[in-house]
Amino acid sequence: MREAMLALLAKEPAHGYELRQRLTQALGPIGEVLSPGQVYITLSRMERAGLVRGDHVPQSAAPDKKVYEVTAEGREHVASWLLDLSWPKVAPVDFHLKLVAAAATGLADPVSLIDAQRRDLLRRLRDVQHLARDASADEDAILILEGTALRLQADIKWLEACERRWTTGRSS
Amino acid sequence: MTSFVLQAKGLSRHYDGDGVRVRAVDSIDLTVEHGEAVSVMGPSGCGKSTLLHLLGGLERPTAGELWLGGQRVDQLSQTGWARLRRRSVGFVFQAFHLVDELSAVENVELPALLVGVGRRQARAKALGLLERLGVANRAGYLPDRLSGGERQRVALARALVNQPLLVLADEPTGNLDSAATAEILRLFAEVHEAGQTLLVVTHDPRVAASADRLLTMRDGSIVEDVRLESGLSRLALLAQVAGWEP
């Protein structure tokens, strides 16, 4: 979530409310669980960490609003997040936001990110299958490896659905 | 002889219809070396089955060159291809394609008989393969009395009987349940370890992950060609499985 917010700010500066709107737009109904408080807290934490910079913009009929823009350090953080392939704790919502952010910022091609992620997960699955063949005598090891393999398969299949989402309108 | 089992240069299959040119396979360059196991993935309609058909001579390219075991084959006649295919290419299909009227062992020995192997020797080879693939006890059964997994094992035996240069498989686990898939995967792995060159088109992540090399196709082209070996030590792999990644 934090990185997705940062990426959306990398596209263009926004104040908290706008940013929350963009996030909820990217998530559909799932975005409704995103509270304004969560967005503001994350923004101020990122400001303290030096990833964003907030500027007060005076308004005529309302209190000042704070517009956030990403710092050079924040931009670097976004770039490395987009290319990071670590997966075990990644929820579908996080990966989806990563693809949205990649497309919005133009910092990476969503389909390439999907390909890279699939490659990484297939490598893991290949390793797990090999371990399972070597460990065929140990029931507990097989059980654990089977669970790992099933999760990887599910994730790889889900990436196919992501690919369809990001290639519609492109293919002939 | 060259160590390339297969080499394609600019291999294409275009269809013209309704004023639209469909590039089912579009200018593919591909080299497969002896003993490699290659999987091909890609969304439906990306051209991966057409590619497999081109590589096995079931369809003709509209452009490009194709070599099989050092021989140029894209210009071969229908009968030339039929002769070459019997000796050099084994096929495994999603729907098995066994001859319903022949028993398991007769299905397996048929390609051997067609290339002139003697009856007794063909029978011995077929039985040996059925034994190796764990279905020797089904040798006398007609295909409709076999389970899906057994049929695919018979089909794999048939593909291997003439010790082909290359085995081409199109969704070999597409009609199998999870247990039968695991069994077929184990057998493919054994066959591969024995030195057989394999090219498998698949949607199934398990099948794709069992190869050494992955090709990804999109819109008739290969968009990615990567090795799948991670090169990690066994301990590092186990740590990864346990979720204790460094």
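As they're listed, the protein sequences go chains A and B.
Numbered continuously in the numbering used here, the first sequence closes out at residue 172.
Numbered continuously in the numbering used here, the second sequence closes out at residue 246.
We treat Cβ as the ideally placed atom computed from N, Cα and C, and that holds for glycine.
All of these numbers come straight from a predicted model, not from anything done at the bench.
Using a Cβ-based criterion (distance less than 6 Å to any ligand heavy atom), does residue i qualify as near the ligand PLP?
| i | result |
| --- | --- |
| residue 106 of chain B | The model on display carries no ligand, and the ligand PLP is accordingly not part of it. |
Give me the Cβ distance between residue i and residue j, rounded to the nearest whole Å; I'm assuming they're in contact under 8 Å.
| i | j | result |
| --- | --- | --- |
| residue 40 of chain B | residue 215 of chain B | 5 Å |
| residue 34 of chain A | residue 22 of chain A | About 11 Å separates the two Cβ atoms, so there is no contact after all. |
| residue 68 of chain B | residue 6 of chain B | 6 Å |
| residue 157 of chain B | residue 129 of chain B | 4 Å |
| residue 247 of chain B | residue 152 of chain B | With chain B represented from 1 up to 246, any question about residue 247 of chain B goes unanswered, as that position is not in the structure. |
| residue 170 of chain B | residue 46 of chain B | The Cβ separation is near 13 Å, so there is no contact. |
| residue 144 of chain A | residue 122 of chain A | Residue 144 of chain A to residue 122 of chain A, Cβ: 20 Å. No contact. |
| residue 37 of chain B | residue 211 of chain B | 4 Å |
| residue 11 of chain B | residue 54 of chain B | 6 Å |
| residue 196 of chain B | residue 241 of chain B | Not a contact, Cβ separation roughly 29 Å. |
| residue 217 of chain B | residue 80 of chain B | The pair is not a contact, with the Cβ atoms about 28 Å apart (cut-off 8 Å). |
| residue 238 of chain B | residue 131 of chain A | 7 Å |
From residue i to residue j, what does the alpha carbon distance come to, in whole angstroms?
| i | j | result |
| --- | --- | --- |
| residue 117 of chain B | residue 111 of chain B | 9 Å |
| residue 97 of chain B | residue 104 of chain B | 12 Å |
| residue 51 of chain B | residue 25 of chain B | 6 Å |
| residue 71 of chain B | residue 84 of chain B | 10 Å |
| residue 170 of chain A | residue 236 of chain B | A caution first: residue 170 of chain A carries a pLDDT of 43, below 50, which makes its placement in the model unreliable, though a value can still be read off. For residue 170 of chain A and residue 236 of chain B, the distance between alpha carbons rounds to 40 Å. |
| residue 230 of chain B | residue 179 of chain B | 26 Å |
| residue 17 of chain A | residue 97 of chain A | 18 Å |
| residue 42 of chain A | residue 2 of chain A | 7 Å |
| residue 152 of chain A | residue 146 of chain A | 10 Å |
| residue 49 of chain B | residue 91 of chain B | 12 Å |
| residue 18 of chain B | residue 77 of chain A | 50 Å |
| residue 39 of chain A | residue 164 of chain A | 30 Å |
| residue 117 of chain A | residue 144 of chain B | 41 Å |
| residue 162 of chain A | residue 113 of chain A | 10 Å |
| residue 23 of chain B | residue 71 of chain A | 46 Å |
| residue 139 of chain A | residue 133 of chain A | 12 Å |
| residue 141 of chain B | residue 150 of chain B | 10 Å |
| residue 100 of chain B | residue 13 of chain B | 32 Å |
| residue 10 of chain A | residue 48 of chain A | 17 Å |
| residue 29 of chain B | residue 87 of chain B | 24 Å |
| residue 93 of chain B | residue 172 of chain B | 6 Å |
| residue 83 of chain A | residue 119 of chain A | 13 Å |
| residue 65 of chain B | residue 27 of chain B | 10 Å |
Looking at the C-beta of residue i, does it have a partner C-beta in chain A at a distance below 7 Å?
| i | result |
| --- | --- |
| residue 224 of chain B | yes |
| residue 205 of chain B | yes |
| residue 215 of chain B | no |
| residue 92 of chain B | no |
| residue 180 of chain B | no |
| residue 239 of chain B | no |
| residue 49 of chain B | no |
| residue 209 of chain B | yes |
| residue 230 of chain B | yes |
In the DSSP assignment, the beta strand (DSSP E) including residue i goes from what residue to what residue?
| i | result |
| --- | --- |
| residue 8 of chain B | 4-17 |
| residue 67 of chain B | 63-68 |
| residue 44 of chain A | That residue, residue 44 of chain A, is in no beta strand (DSSP E); its alpha helix (DSSP H) goes 36-48. |
| residue 135 of chain B | No beta strand (DSSP E) holds residue 135 of chain B; DSSP gives it neither H nor E. |
| residue 96 of chain A | Unbroken run through residue 96 of chain A is the alpha helix (DSSP H), 92-105; no beta strand (DSSP E). |
| residue 33 of chain B | 20-33 |
| residue 201 of chain B | 197-201 |
| residue 218 of chain B | 213-218 |
| residue 37 of chain B | 37-41 |
| residue 90 of chain B | 89-93 |
If I follow the unbroken alpha helix (DSSP H) through residue i, where does it start and stop?
| i | result |
| --- | --- |
| residue 50 of chain B | 48-55 |
| residue 77 of chain A | 72-83 |
| residue 207 of chain B | 205-209 |
| residue 183 of chain B | 178-193 |
| residue 229 of chain B | Premise fails: residue 229 of chain B is in no alpha helix (DSSP H) and is neither H nor E. |
| residue 154 of chain A | 139-167 |
| residue 57 of chain A | Note, residue 57 of chain A: premise wrong, no alpha helix (DSSP H); beta strand (DSSP E) at 52-57. |
| residue 173 of chain B | Taken as a continuous stretch (DSSP letters only), residue 173 of chain B belongs to no alpha helix (DSSP H), as it is neither H nor E. |
| residue 126 of chain A | 110-134 |
Does the CB of residue i have a neighbour CB from chain B at under 7 Å?
| i | result |
| --- | --- |
| residue 123 of chain A | yes |
| residue 198 of chain A | This structure leaves residue 198 of chain A out entirely; chain A is present only between 1 and 172. |
| residue 171 of chain A | Bear in mind that the predicted position of residue 171 of chain A carries a pLDDT of just 38, short of 50, making it unreliable; the figure below should be weighed with that in mind. Answer yes: the Cβ-Cβ gap between residue 171 of chain A and chain B drops below 7 Å somewhere. |
| residue 129 of chain A | yes |
| residue 156 of chain A | yes |
| residue 165 of chain A | no |
| residue 38 of chain A | no |
| residue 126 of chain A | yes |
| residue 56 of chain A | no |
| residue 21 of chain A | no |
| residue 25 of chain A | no |
| residue 153 of chain A | yes |
Does any C-beta atom of chain C lie closer than 7 Å to the C-beta of residue i?
| i | result |
| --- | --- |
| residue 211 of chain B | Absent from the structure: chain C. Protein chains present are A and B. |
- Task: Identify each residue in the region 91-112 of chain A for which the Cβ-Cβ distance to at least one residue of chain B is less than 7 Å, and report them in chain order.
- Result: none
- Task: Using a Cβ-Cβ cut-off of less than 8 Å, give me the residues of the region 136-150 of chain A that come near chain B, in sequence order.
- Result: 144, 145, 148, 149
- Message: Which residues of the region 182-198 of chain B have a Cβ closer than 8 Å to any Cβ of chain A? Give them in chain order.
- Response: 185, 186, 189
- Under 9 Å (Cβ pairs) to chain A, residues found in the region 27-59 of chain B: 39, 41, 43, 45, 46
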